[in-house]
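Engineer: According to UniProt numbering, the sequence shown is numbered sequentially starting from 1. The beta-carbon is built from N, C-alpha and C at its ideal position, and this holds for glycine as well. None of these values were measured; they are calculated from a predicted model.
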Amino acid sequence: MLFQDNKINQVGALAISTRMQRLADTIRKDGELIYRLYGVDFQPKWFPVFITLKDAKSLTVTELADQIGYAHPSTISLLKELEKNKLIVSKKDKTDERKRVISLSKSGLELLSQIEPVWDTMQKSIDDLINNQNNLLLAIEEMEERLLQQSFFQKAMELKNQQSNNQK
């Protein structure tokens, strides 16, 4: 079983990145199965673009990257895939021709209408999973807030400096 006691679980917080990746992979794979269950041809990796453009209607590539929290190159790669599948359209910004404005295509909007009921099911399912004594979503939000105040690297560097000062 994926989440049974194993070495990664035993090392505790040191393995948080590995455990979060494992959890994300599990949810993503199940997400693919849920879309298939509903007969919808949709990839979970497309979700951030679709959910963002659903409300924003159109955004520049930079605005979209900022909204989904992806690096610009990762966003470009994802957008190329969506454009290849004819799910988005891209046009030059009227005020700055160096910028591209992205929006859902007609096919993308049709797909959006198919996936919204799936998202409702997914939302209810995930709410049930996280609604427990140690609400994961709240814990993630707290951790993200702390990382905004001081990065993992900055904290480690601070501790290393303290160790060096204590050795003097």
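1) So within the UniProt domain "HTH marR-type" (13-149), which uninterrupted beta strand (DSSP E) runs reach at least 3 residues, ignoring any that extend past its ends?
2) Have a look at Lys29 and Gln123 and give me their C-alpha separation to the nearest angstrom.
3) For Arg100, I'd like the list of residues in its chain whose CB is within less than 8 Å of its CB, leaving aside the five on either flank, ordered along the chain.
4) Would the beta-carbon of Leu87 fall within 8 Å of that of Gly108?
5) So, for Thr18: in the same chain, excluding its five sequence neighbours on each side, which residues have a beta-carbon less than 6 Å away from its beta-carbon?
6) Count Cβ pairs between the stretch 127-137 and the stretch 32-50 that sit closer than 8 Å; are there 3 or more?
7) Quick check on this structure: which residue in Lys168, Leu112 and Lys57 has the alpha carbon closest to the alpha carbon of Trp46?
8) Quick check on Phe42: buried or exposed, where buried means 16 or more other Cβ atoms within 10 Å of its Cβ?
9) From the DSSP output, in three-state form, read off Met1 for me.
Structural biologist: Concretely, from the data shown:
1) DSSP runs (the beta strand (DSSP E)) wholly in the UniProt domain "HTH marR-type" (13-149): 58-60, 88-92 and 100-104.
2) As a first step, residue 29 must be located in the sequence shown, where it is residue number 29. As a first step, residue 123 must be located in the sequence shown, where it is residue number 123. Rounded to whole angstroms, Lys29 to Gln123 spans 16 Å at the Cα level.
3) Your numbering for residue 100 matches position 100 in the sequence shown. Counting only Cβ-Cβ distances below 8 Å, and skipping sequence neighbours, we find Thr60, Val61, Ser90, Lys91, Lys92 and Asp93.
4) Here residue 87 refers to the residue found at position 87 of the sequence shown. Here residue 108 refers to the residue found at position 108 of the sequence shown. Between Leu87 and Gly108, the gap from beta carbon to beta carbon is short of 8 Å.
5) As a position in the sequence shown, residue 18 is number 18, starting the count at 1. Result list for Thr18: Ile8, in chain order.
6) Using a C-beta cut-off of 8 Å, the stretch 127-137 makes no contact with the stretch 32-50, since fewer than three inter-stretch Cβ pairs fall below that distance.
7) By one-based count along the sequence shown, residue 46 stands at place 46. Out of Lys168, Leu112 and Lys57, the CA that lies nearest to the CA of Trp46 is found in Leu112.
8) Mapped onto the sequence shown, residue 42 falls at position 42. Buried, because 16 or more other Cβ atoms sit within 10 Å of the Cβ of Phe42.
9) Counting from one through the sequence shown, the residue named residue 1 turns up at place 1. Legend: pLDDT at Met1 = 48, less than 50; position of this residue unreliable, value from coordinates given subsequently. It is coil, neither helix nor strand.
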